[in-house]
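Number of protein chains: 2
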Amino acid sequence: MSITTSFFAIVQNDLLEVEAIIRAQAEGYHPDLGSALDHLLSSGGKRIRPSLTLLAGRMLGAEHHRLLTLASAIELLHTATLVHDDLIDGSLLRRGISTLNAQWSPGATVLTGDFLFARAAELAADTNSVPVMKLFSHTLSEIVNGEITQLFRSRCKLNRQDYYDRIYAKTASLFRTSAYSAALLSPVEQETQDYLRQYGYEVGMAFQIMDDILDFTGKEDVLGKPVGSDLRQGLITLPTIYFIENYPNDPGVVQIQADGCLDNQTQVSRLVSAIRSSDAIDMARAEARRFVQRGLDAIQCLPPSTERHLLEDLARYIVERDL
Amino acid sequence: MSITTSFFAIVQNDLLEVEAIIRAQAEGYHPDLGSALDHLLSSGGKRIRPSLTLLAGRMLGAEHHRLLTLASAIELLHTATLVHDDLIDGSLLRRGISTLNAQWSPGATVLTGDFLFARAAELAADTNSVPVMKLFSHTLSEIVNGEITQLFRSRCKLNRQDYYDRIYAKTASLFRTSAYSAALLSPVEQETQDYLRQYGYEVGMAFQIMDDILDFTGKEDVLGKPVGSDLRQGLITLPTIYFIENYPNDPGVVQIQADGCLDNQTQVSRLVSAIRSSDAIDMARAEARRFVQRGLDAIQCLPPSTERHLLEDLARYIVERDL
C-alpha cells in the first residue's frame, strides 16, 4: 500500500491548510518563535494524527473550517510535546533534523514549547466546542503524567500493564483524542462518537507497539538512531517483554531479572540481536494487529463511505509501515 | 490598611476552596505531582489574582461554583509560569521556600510545569465558557511571548515602551484576564465587562511597577533577595529609567549608556544606592498611582457595592504594600 495514494491523498490539501494554520500561530509574536515553528514543521513527520482527525470529521459531517482548526490544534500539541521531550532526553536529532534544544538554550526551548502549548490550546478553543476543549486539555494532562511516571520509574523495571499504561499516555491518548474530538464536532450521536473514540485508542496503541518493534527491526539510516536504542536506554518495550517471557534462561534476561538492568553495552547489543531474530518480534506484531482489528471492528457498523474505508486503510497501514 | 481586614476577608473562605480545588488537581496522577503541588501551595503568596477574580465575579453575579473554578484556573496558571520561570532563571528560593528546580531535575521540573499548565487549562474549560477558554489560552501565549522577548533581548538595552510591553506581558495580562474573565462569566453587558478588563489591566501595571520599586526599597529579609537584584541581573526597570533620564551625568548612567551595561558589582551597588535615595523612586511610585487611578476610574460608574469598594481597596493596596 502506498500511503500517498490512499488515505493521505484525500486529505492532502487539507493538510497543507493545516500546516499554514500552524505556521500562522507565530505571527505577531517574537520573530524567533516563527523561525522555531518553521524549523519544526520542516522536519516533516507523517501528520498521521491530523489525517485521522480530518478523515473522521469529513466522514461524520463536521464543519470544514472548524475541522481544520481542530486538526491544527492536534498536530501543534503533538509538536509542543516533542519539543520538551527532546530537551529532557537530550536528543539532538529528530527525523534527521536537528532538534530545537540542539541549537537553543534550555530556557529558550522550554519557553518555545510553552508557547506552542498555549497556541495549541487557543486553536482548540477556536473550535468553539467546550467538550473539545476539555478533552484537549485532559489529553495533555495524561501525556505529561505518563512522561513523569516514566521519568521517575526505575530503569528496566516494568510489567506488561505498566507498558500498556505508558504507551496509552505516550501515544494512544492523543490518537484517541484525534478521532474522538472530530466526532465531538460532528452532528452525530454519542454512540457514533464512542466508536471513533474506541477506533482512535486501538489504532494509537497499535501505532506505538509498531514504533517499539521498528526500534528493533528498522534500518539505522531510516530510524536515524541505533537499532535497539530503547533497550540501550533501559526502556523495556513489548518485544523485550515477550522475549523475557519466552527465554527466561537467556543470559541477558537472567541478568535483567537479577540486577534490574543491563549496563554492559556488549551484553545489550547481544540481547538486541537475539530479540531481533526471535519470535518475540512476530508476537509483538501479532499483538499490534489485534489492536488494529479491534479498531476496525469499532467502526464497522458505521455506514460505508470513502472516509470509513480510508480510516480502515490507515489502521492497516499502522502495522505495515517500515518507518 | 490591613489586607486581612478588607478585601481578603470577604473572599477568605472562597480562597480556601480555591486552594482545595488546586490541590485536587493532582489526584489520580503520579504521587510526586501531588507533593510538588503541596510544596508550591505551601509557599503562600498573596493570592491577589484569584481575589480579584472572586471580587469581580461576586460583584457582577457570576455563578459561585464556576467562579471558584475560574479563580483556581487563574492561580494555577500563575503557579505553572513560576515553575518554569524559576527553572530558567536558576532561582533556588521563592518567598523564602526552595523552588522545585532546587530539588528536582530540570526534566522533572519542566514536566511538572507542563502538567500544571494542562490542569489549569482543564479548570478553565470546566467553566464551560468558550470566551473564557480563548482568553485564558491567549493570556498564556502573551505571558510566554513576553518571557521569550526578555530572554532574547540584549541586557540593559531598554526604552520606556519596551518596559511597559514587558510588564504588560509579565503581569498586567494575567491581572486583566483575572478581572475580565470573571466578568465574562457574569450576566452583564459588554460595556461592564470592558470596565473590568480595563481595571484589571491598570491594576496589573501598577502591581508590577510597585514590585520593581520594592526591588530597590524593600528590606532584604522581606524580599528574600539582595536589594537591587533586577539591576544586578541587567534588568532595567522604571526607577532606573527615571534615574537615567534625571541624572545623565551619573558615572553609572554614563557607563550604561556607553557600554550597554554595568558589569562591575561595586559600580552596580553604588548605582543601586543612588537610585534608592533619589527622586526616581517617588516618580515611579507616582506613575504606579496614575495606573491605580485609571483603574479606579474604570469601575467608578458601576453601581456602588461592597465588592466594588473592595476592588477599590485592592487597587490602592497595590501601591501601599511593602511586599
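In order, the protein sequences belong to chains Y and Z.
Residues 1 to 323 in this note's numbering are what the first sequence lists, from first letter to last.
Residues 1 to 323 in this note's numbering are what the second sequence lists, from first letter to last.
We treat Cβ as the ideally placed atom computed from N, Cα and C, and that holds for glycine.
Counting only beta-carbon separations shorter than 9 Å, does R58/Y have a partner in chain Z?
Position 58 of the first sequence, counting from 1, holds the residue named residue 58/Y. Taking Cβ atoms only, chain Z never reaches closer than 9 Å to R58/Y, which makes this a no.
Cutoff 9 Å: G107/Z Cβ touching any chain Y Cβ:
Position 107 of the second sequence, counted from the first residue, corresponds to residue 107/Z. It does: the Cβ of G107/Z has a partner Cβ on chain Y nearer than 9 Å.
Which of the three DSSP states is assigned to S42/Z in this structure?
Locating residue 42/Z in the second sequence gives position 42, where the first residue counts as 1. Helix at S42/Z.
Strictly below 8 Å CB to CB, what residues from chain A border F115/Z?
Judged by its chain identifiers, the structure shown contains no chain A, and its protein chains are Y and Z.
I'd like to know if I88/Y contacts chain Z, where contact means its C-beta is closer than 9 Å to some C-beta of that chain.
Locating residue 88/Y in the first sequence gives position 88, counting from the first residue. With 9 Å as the cut-off, I88/Y counts as an interface residue toward chain Z.
Looking at C-alpha atoms only, which residue of D32/Y, L37/Y, F207/Y, N13/Y is the closest neighbour of A24/Y?
Working through the first sequence from its first residue, we reach residue 24/Y at position 24. Comparing Cα positions, the closest option is L37/Y.
Whose C-alpha, out of M59/Z, A9/Z, F7/Z, E75/Z, is nearest the C-alpha of P303/Z?
Position 303 of the second sequence holds residue 303/Z. Among M59/Z, A9/Z, F7/Z, E75/Z, the Cα nearest to that of P303/Z is on M59/Z.
Could you name the residues of chain Y that E122/Z contacts, counting a contact when the two beta carbons are closer than 8 Å?
Numbered from its first residue, the second sequence carries residue 122/Z at position 122. Within chain Y, the residues near E122/Z are K134, S137, H138, S141.
Which residues does DSSP pair with I97/Y in a beta bridge?
In the first sequence, counting from the first residue as 1, residue 97/Y sits at position 97. Its beta-bridge partners are R94/Y.
So the alpha helix (DSSP H) S173/Y belongs to, where does it begin and stop?
Along the first sequence, read from residue 1 onward, the residue named residue 173/Y stands at position 173. Its alpha helix (DSSP H) spans residues 173-184.
In chain Y, which residues lie with their C-beta within 8 Å of the C-beta of H84/Z?
Sequence index remark: in the second sequence, residue 84/Z carries index 84 (1-based). The contacting residues are V110, L111, D114.
Under 8 Å by Cβ, that's how I've got V132/Z and A124/Z pegged, so tell me the actual separation to the nearest angstrom.
Residue numbering aside, residue 132/Z sits at position 132 when the second sequence is read from its first letter. Residue numbering aside, residue 124/Z sits at position 124 when the second sequence is read from its first letter. Confirmed, Cβ separation roughly 6 Å.
Determine the chain Y residues that contact L403/Z at a beta-carbon separation under 7 Å, and present them in chain order.
Only positions 1 to 323 of chain Z appear in this structure, which leaves residue 403/Z out of reach.
Using a Cβ-Cβ cutoff of 9 Å, what residues of the region 189-204 of chain Z are near chain Y? List them in chain order.
none
Taking DSSP as the reference, what is the three-state secondary structure of Y199/Y?
Here residue 199/Y corresponds to residue number 199 of the first sequence, with the count starting at 1. Here Y199/Y sits in helix by DSSP.
Just to confirm the assignment, what range does the alpha helix (DSSP H) spanning Q293/Y have?
For the purposes of this step, residue 293/Y is taken as the residue at position 293 of the first sequence. Unbroken alpha helix (DSSP H) run through Q293/Y: 280-299.
Three-state class that DSSP yields for M1/Z in the structure shown
In the second sequence, residue 1/Z corresponds to position 1, counting from 1. With a pLDDT of only 42 at M1/Z, under the threshold of 50, the placement of this residue in the model should not be trusted, and no figure is reported.
Does DSSP classify Y242/Y as helix, strand or coil?
Along the first sequence, one-based indexing puts residue 242/Y at 242. Reduced to three states, the DSSP call for Y242/Y is helix.
Contact set for S129/Z: own chain, Cβ-Cβ below 7 Å, skip 5 residues either direction:
Residue mapping note: residue 129/Z aligns to position 129 of the second sequence, counting from 1. The residues are L184, L185.
Helix or strand or just coil, what does DSSP make of A118/Y?
Stepping through the first sequence from its first residue, residue 118/Y is reached at position 118. DSSP places A118/Y in helix when its eight states are reduced to three.
Count Cβ pairs between the region 77-95 of chain Y and the region 73-81 of chain Z that sit closer than 8 Å; are there 3 or more?
no
Closest residue to Q150/Y among Y199/Y, R166/Y, T240/Y, A280/Y (Cα-Cα distance):
Locating residue 150/Y in the first sequence gives position 150, counting from the first residue. That would be R166/Y, whose Cα lies nearest to the Cα of Q150/Y.
Any beta carbon of chain Z sitting closer than 9 Å to that of S2/Y?
Looking up residue 2/Y in the first sequence gives position 2. Residue placement at S2/Y is poorly supported in this model, since its pLDDT is 48, which falls under 50; the coordinates are not used for a value here.
For N128/Y, decide whether its Cβ has a neighbour in chain Z, counting only Cβ atoms nearer than 9 Å.
Indexing the first sequence from 1 puts residue 128/Y at position 128. N128/Y counts as touching chain Z.
Can you confirm whether L350/Y, when its beta carbon is compared against all beta carbons of chain Z, has any partner nearer than 9 Å?
Here chain Y covers residues 1 to 323 and nothing more, so residue 350/Y does not appear.
Can you name, in chain order, every residue of its own chain whose Cβ lies under 6 Å from the Cβ of V144/Y, other than the five neighbours on each side?
Reading the first sequence from its first residue, position 144 is the one you call residue 144/Y. Answer for V144/Y: no residue qualifies.
Look at the Cβ atom of Y180/Z, then the Cβ atom of G146/Z, and state whether they are nearer than 9 Å.
Reading the second sequence from its first residue, position 180 is the one you call residue 180/Z. Reading the second sequence from its first residue, position 146 is the one you call residue 146/Z. No, the pair does not count as a contact, with Cβ atoms beyond the cut-off.
Determine whether the beta carbon atoms of E202/Z and G61/Z lie at a separation below 9 Å.
Here residue 202/Z refers to the residue found at position 202 of the second sequence. Here residue 61/Z refers to the residue found at position 61 of the second sequence. The answer is no: Cβ separation not under 9 Å.
Cβ-Cβ separation, Q198/Y to A298/Y (assumed contact under 8 Å), whole Å
For the purposes of this step, residue 298/Y is taken as the residue at position 298 of the first sequence. For the purposes of this step, residue 198/Y is taken as the residue at position 198 of the first sequence. About 4 Å; that satisfies the 8 Å criterion.
Counting contacts by CB-CB distance shorter than 9 Å, is A118/Z in contact with chain Y?
Position 118 of the second sequence, counting from 1, holds the residue named residue 118/Z. Yes, A118/Z lies at the interface with chain Y (some Cβ there is under 9 Å from its Cβ).
Exposure of Q193/Y, with buried meaning 16 or more beta-carbon neighbours within 10 Å:
On the first sequence, position 193 is the one that residue 193/Y refers to. It counts as buried.
For T53/Y, which residues of its own chain have a beta-carbon under 8 Å away from its beta-carbon, when the five flanking residues on both sides are left out?
Start at 1 with the first residue of the first sequence, and residue 53/Y comes out as number 53. If we look at T53/Y and ignore the five residues flanking it on each side, its Cβ neighbours are L67, L70, A71, I74, S178, A179, S181, A182.
A169/Y by DSSP, collapsed to three states: which one?
Taking the first sequence and counting its residues from 1, one reaches residue 169/Y at position 169. A169/Y: helix per DSSP, three-state reduction.
So, for S35/Z: in the same chain, excluding its five sequence neighbours on each side, which residues have a beta-carbon less than 6 Å away from its beta-carbon?
For the purposes of this step, residue 35/Z is taken as the residue at position 35 of the second sequence. For S35/Z, where only same-chain residues beyond five positions count, there are no Cβ hits under 6 Å.
DSSP three-state call for T109/Y: helix, strand or coil?
Translated into positions along the first sequence, residue 109/Y becomes position 109. Three-state result, T109/Y: helix.
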